[in-house]
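Residues in the sequence shown are numbered consecutively from 177, following our numbering. Where is the CB? At the ideal position from N, CA and C, for every residue including glycine. Predicted model, so just to flag it, every value in this text is computed and none were measured.
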Amino acid sequence: MSAEIYSQNLPVALANVTKKGITYSYGETNTSIAISFAYREELNEAIKEALISIFPKVDDNRYFIENNNIYFFIHLLKDSTKLELRLKQRHNSETQFDEFKKKTKCFFKSILEL
C-alpha cells in the first residue's frame, strides 16, 4: 500500500511499507518534517544503528533540541521511531534548520534502504 500527496509536483506527504516490513509515514512543509516508522522488534537494533550513525548524540533512545529557533525530537521505542523537526523562527535559524533537515532526510533514506 502506498499513498502520496503532491503539491507543485513535489511530494509533501507519503506512506508506505518497505521490503523489510517497515511501515513509514513522511510529511514535509517549508518549516517542518515529521517521520514515523513502525517495525518488528527484531529490526530495532538496525534502526538504532542507522539513527546513531547520523545523530551520534542519541542518549537513552532520545534526542531532543529545543531553542528559540528550532524544535527537533527523536524518540526510539522497541518497535517504532518518531522524528519531528520544526522551524520556529525564520530569522538566524534557517541554516541550523537546513542542517537538521538534511540529516533527517538522510536517516529516512537509510531506513528505506534496509
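(message) I'd like the list of long-range same chain contacts for residue 193, defined as Cβ closer than 6 Å, with 5 residues on each side in sequence excluded.
(response) 199
(message) What residue range does the beta strand (DSSP E) around residue 201 cover?
(response) 199-205
(request) Helix, strand or coil for residue 284, going by three-state DSSP, please let me know. (result) helix
(request) Would you mind sorting residue 240 into buried or exposed? The rule is 16 or more other CB atoms within 10 Å of its CB. (result) exposed
(request) Can you have a look at residue 246 and say buried or exposed, based on whether 16 or more other CB atoms are within 10 angstroms of its CB? (result) buried
(request) Just mark residue 250 as buried or exposed, buried being the case when its beta carbon has 16 or more other beta carbons within 10 Å. (result) buried
(request) Determine the direct distance from the alpha carbon of residue 255 to that of residue 210, and round the result to whole angstroms. (result) 17 Å
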